[in-house]
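K.L.:
So the sequence lines, in the order shown, correspond to chains P and A. Numbered according to this note's numbering, the first sequence terminates at residue 165, and the numbering increases by one at each position without gaps. Numbered according to this note's numbering, the second sequence terminates at residue 1165, and the numbering increases by one at each position without gaps. By construction, the Cβ of each residue, glycine as well, lies at the ideal position given by its N, Cα and C atoms.
Protein chains: 2
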Amino acid sequence: MSERLAVEVAVSPTEKFTEFLLTKGKRLTQERKNVVDEVFASHQHFDPDQLINHVSTRKDARRVSRSTVYRTIALLEEAGLLRKVARANGRDVYEHDYGYPQHGHLICQKCGSMIEFSEETISKIIEKVAAEHEFRLTGHRLEVYGNCSKCSRPMQRRHDKLNFI
Amino acid sequence: MSERLAVEVAVSPTEKFTEFLLTKGKRLTQERKNVVDEVFASHQHFDPDQLINHVSTRKDARRVSRSTVYRTIALLEEAGLLRKVARANGRDVYEHDYGYPQHGHLICQKCGSMIEFSEETISKIIEKVAAEHEFRLTGHRLEVYGNCSKCSRPMQRRHDKLNFI
DNA sequence: GTTATTGCAAACCATTTGCAAGTGT
DNA sequence: ACACTTGCAAATGGTTTGCAATAAC
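1. Return the chain-ordered list of same chain residues with a C-beta closer than 6 Å to the C-beta of residue 40/P, the five sequence neighbours on each side being excluded.
2. Is there a Cβ of chain P sitting closer than 7 Å to that of residue 1148/A, yes or no?
3. Rounded to the nearest angstrom, what separates residue 1095/A and residue 114/P at their Cα positions?
4. Any beta carbon from chain P within less than 7 Å of residue 1027/A's own beta carbon?
5. How about residue 146/P and residue 1138/A: are their beta carbons less than 7 Å apart?
6. Specify, as a first and last residue, the run of the beta strand (DSSP E) that residue 1147/A falls within.
7. Rounded to whole angstroms, what is the Cα-Cα separation between residue 125/P and residue 1028/A?
8. Taking contact to mean 3 or more Cβ pairs, one atom from each stretch, closer than 8 Å, check whether the region 86-106 of chain P and the region 1126-1137 of chain A are in contact.
9. Exposed or buried, which one is residue 1034/A when buried takes at least 16 other CB atoms within 10 Å?
10. According to DSSP, simplified to helix, strand and coil, what is residue 1041/A?
11. What are the boundary residues of the alpha helix (DSSP H) that residue 20/P is part of?
12. What is the rounded straight-line gap between the Cα of residue 1020/A and the Cα of residue 1043/A?
13. With 7 Å as the threshold, decide whether the Cβ of residue 1121/A is near any Cβ in chain P.
14. Taking just the CA atoms, how far does residue 36/P sit from residue 1017/A?
15. For the region 52-74 of chain P, enumerate the residues whose C-beta is nearer than 7 Å to any C-beta of chain A, in chain order.
16. Output needed for residue 32/P: all residues of its chain with C-beta closer than 7 Å, excluding positions within five of it in sequence on either side, in chain order.
17. Which first and last residues belong to the beta strand (DSSP E) in which residue 70/P is found?
18. Could you tell me the distance, in whole angstroms, from the CA atom of residue 1091/A to the CA atom of residue 38/P?
19. Between the region 126-139 of chain P and chain A, which residues of the former have CB atoms less than 9 Å from a CB of the latter, in chain order?
20. My output table needs one value for residue 1028/A: the three-state DSSP class, helix, strand or coil.
21. Buried or exposed: which applies to residue 49/P, given that a residue is buried once 16 or more other Cβ atoms fall within 10 Å of its Cβ?
22. Could you tell me the distance, in whole angstroms, from the CA atom of residue 1045/A to the CA atom of residue 62/P?
23. So, is the C-beta of residue 142/P closer than 7 Å to a C-beta in chain A?
24. For residue 1097/A versus residue 1081/A, is the C-beta spacing smaller than 7 Å?
25. Let me make sure I understand the geometry here. Which of 1129/A, 1078/A, 1011/A has the alpha-carbon closest to that of residue 1026/A?
26. Counting only Cβ pairs nearer than 7 Å, list the residues of chain P close to residue 1145/A.
27. Which residues in the same chain have their Cβ closer than 7 Å to the Cβ of residue 144/P, if we skip the five residues on either side of it in sequence?
28. Closest by CA to residue 1130/A, which one among 129/P, 119/P, 130/P, 131/P?
29. Give the straight-line distance between the Cα atoms of residue 52/P and residue 93/P, rounded to the nearest whole angstrom.
30. Going by Cα to Cα distance, which pick from 1110/A, 1148/A, 1059/A is closest to residue 1088/A?
31. Taking residue 1118/A as part of the beta strand (DSSP E), name the residues at either end of that continuous run.
32. Using the C-alpha atoms, what's the distance from residue 47/P back to residue 83/P?
33. I believe residue 85/P touches residue 141/P by the beta-carbon criterion, under 8 Å. Please report the beta-carbon distance rounded to the nearest angstrom.
34. Got a sec: which bits of the region 87-99 of chain P sit with their beta carbon under 9 Å from any beta carbon on chain A, in order along the chain?
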């Protein structure tokens, strides 16, 4: 129960999903396979609508209905492969909850750029906090808001620029 | 323009809201006052429904409609007094974005409960990371995912329960 | 008196669900 | 054959919005 297998990281998302389905007496259908493949084709965040669009542009496979995409997302969440991280434009936003190292984001509120940074120390602290609360930790998300160097540097000269208009 | 008034922290949420409304040519109605008072009556997280219930139990003031509560929440967000932090049971969850120290959340992915924890050390680390990237920091959000003690404990006996049916 | 605001009911829209037809094992 | 899945269309439910009546300034 407390083993830490080296394999852990080597199991691909699809494999982990298949495993999950098996233990639940569920099936890996072509539709589900399509969705999972698309979900893990990149490490981008996405909302159901985007996923549906992407899946529908795949030529290699049969069409997947909106309902099935929603249902598969739910399964992926249950399997610990996806995590709902936010809400944007009235839609739920998901990100990978597996196979990608924990990291934080510096998000520039001006230009929208995102800088990823590692946060090993923070992960350690989080583990401690979780333990204190008897919380069974699966992952976390750290977003830091502000302005990136580019967007905050020109500050002193901002007025010049504006005056040119 | 670069003054840093000591008053800053002393301004009450209601005052800050009034100020905001004034600059926008909006009015501080009795309804809005009710909602704001209720929002800042405690530091709990809440969703619109809970807020509506709470507001409606106030005897000291006139009834506030569901629409108005929603509209006021939007204003409070715009004014920088509230922040949407999560989604639980299909509802948006809000927390104070003003006059309350930075903290993290343990979010249970099963029951949706949220436990707040302080994170002074983490704030320090974030400041350092931001400095390293010449990032002008304004705030951050730390969400830790997993299962709360209640939701993870019964796991070992889950099967028994199911078999009873 | 104007102009913003409210409450109501209807509209919206992402997500969920019932069900009959279809598919994997 | 059997149980799980799918797609569709309808239902759900939180949130938003149009509008006439009402309140703030």
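P.N.:
Looking at the atomic coordinates:
1. As a position in the first sequence, residue 40/P is number 40, starting the count at 1. For residue 40/P, where only same-chain residues beyond five positions count, the Cβ hits under 6 Å are 13.
2. Within the second sequence, residue 1148/A is the residue found at index 148, counting from 1. Closer than 7 Å to some Cβ of chain P, the Cβ of residue 1148/A qualifies, so yes.
3. Residue 1095/A sits at position 95 when you count from the first residue of the second sequence. Residue 114/P sits at position 114 when you count from the first residue of the first sequence. Looking at the two C-alpha atoms, the distance is approximately 24 Å.
4. As a first step, residue 1027/A is located in the second sequence; it is residue number 27 there, counting from the start. No, because no Cβ of chain P sits closer than 7 Å to the Cβ of residue 1027/A.
5. To locate residue 146/P, count along the first sequence from 1; it is residue 146. To locate residue 1138/A, count along the second sequence from 1; it is residue 138. Cβ atoms of residue 146/P and residue 1138/A: closer than 7 Å.
6. Within the second sequence, the letter at position 147 stands for residue 1147/A. It spans 1136-1147 - the beta strand (DSSP E) in which residue 1147/A sits, taken as one unbroken run.
7. Here residue 125/P refers to the residue found at position 125 when the first sequence is read from its first residue. Here residue 1028/A refers to the residue found at position 28 when the second sequence is read from its first residue. Within the model, the alpha-carbon separation for residue 125/P versus residue 1028/A is close to 43 Å.
8. yes
9. Residue numbering aside, residue 1034/A sits at position 34 when the second sequence is read from its first letter. Burial call: buried.
10. In the second sequence, residue 1041/A corresponds to position 41, counting from 1. Here residue 1041/A sits in coil by DSSP.
11. Position 20 of the first sequence holds residue 20/P. Segment 13-23, the alpha helix (DSSP H) holding residue 20/P.
12. Here the question's residue 1020/A lines up with position 20 in the second sequence. Here the question's residue 1043/A lines up with position 43 in the second sequence. Cα to Cα, residue 1020/A sits roughly 21 Å from residue 1043/A.
13. Residue mapping note: residue 1121/A aligns to position 121 of the second sequence, counting from 1. Yes - at least one Cβ of chain P is within 7 Å of the one on residue 1121/A.
14. Counted from its first residue, the second sequence places residue 1017/A at position 17. Counted from its first residue, the first sequence places residue 36/P at position 36. Taking the straight line from one Cα to the other gives about 46 Å.
15. none
16. Residue mapping note: residue 32/P aligns to position 32 of the first sequence, counting from 1. Closer than 7 Å at the Cβ level, and outside the excluded window around residue 32/P, lie 72.
17. As a first step, residue 70/P must be located in the first sequence, where it is residue number 70. Careful: residue 70/P lies outside any beta strand (DSSP E), inside the alpha helix (DSSP H) at 66-78.
18. On the second sequence, residue 1091/A is found 91 positions in, with the first residue counted as 1. On the first sequence, residue 38/P is found 38 positions in, with the first residue counted as 1. Those two C-alpha atoms are separated by around 28 Å.
19. 126, 129, 130, 132, 133, 134, 135, 136, 137, 138, 139
20. Start at 1 with the first residue of the second sequence, and residue 1028/A comes out as number 28. Looking at residue 1028/A - three-state DSSP - the assignment turns out to be coil, as it is neither helix nor strand.
21. Locating residue 49/P in the first sequence gives position 49, counting from the first residue. Residue environment analysis places residue 49/P among the exposed positions, since fewer than 16 neighbouring C-beta atoms fall within 10 angstroms of its C-beta.
22. The residue given as residue 1045/A occupies position 45 in the second sequence. The residue given as residue 62/P occupies position 62 in the first sequence. Those two C-alpha atoms are separated by around 44 Å.
23. Residue mapping note: residue 142/P aligns to position 142 of the first sequence, counting from 1. Yes, contact with chain A.
24. By 1-based counting over the second sequence, the position of residue 1097/A is 97. By 1-based counting over the second sequence, the position of residue 1081/A is 81. Yes.
25. Numbered from its first residue, the second sequence carries residue 1026/A at position 26. With distances taken between Cα atoms, residue 1026/A lies closest to 1078/A.
26. Position 145 of the second sequence holds residue 1145/A. Contact of residue 1145/A with chain P by beta-carbon distance below 7 Å involves 83, 138, 139, 140.
27. Sequence index remark: in the first sequence, residue 144/P carries index 144 (1-based). Contacts found: 104, 105, 106, 107.
28. In the second sequence, counting from the first residue as 1, residue 1130/A sits at position 130. The option with the nearest alpha carbon to residue 1130/A is 119/P.
29. Here residue 52/P is taken as the residue at index 52 of the first sequence, counted from 1. Here residue 93/P is taken as the residue at index 93 of the first sequence, counted from 1. In a straight line, the C-alpha of residue 52/P is about 13 Å away from that of residue 93/P.
30. For the purposes of this step, residue 1088/A is taken as the residue at position 88 of the second sequence. Cα-wise, what sits closest to residue 1088/A is 1110/A.
31. Sequence index remark: in the second sequence, residue 1118/A carries index 118 (1-based). Start and end: 1114-1118.
32. Position 83 of the first sequence, counted from the first residue, corresponds to residue 83/P. Position 47 of the first sequence, counted from the first residue, corresponds to residue 47/P. Going by the C-alpha atoms only, they are around 11 Å apart.
33. On the first sequence, residue 85/P is found 85 positions in, with the first residue counted as 1. On the first sequence, residue 141/P is found 141 positions in, with the first residue counted as 1. The C-beta distance from residue 85/P to residue 141/P rounds to 6 Å, short enough to meet the 8 Å contact threshold.
34. 87, 92, 97
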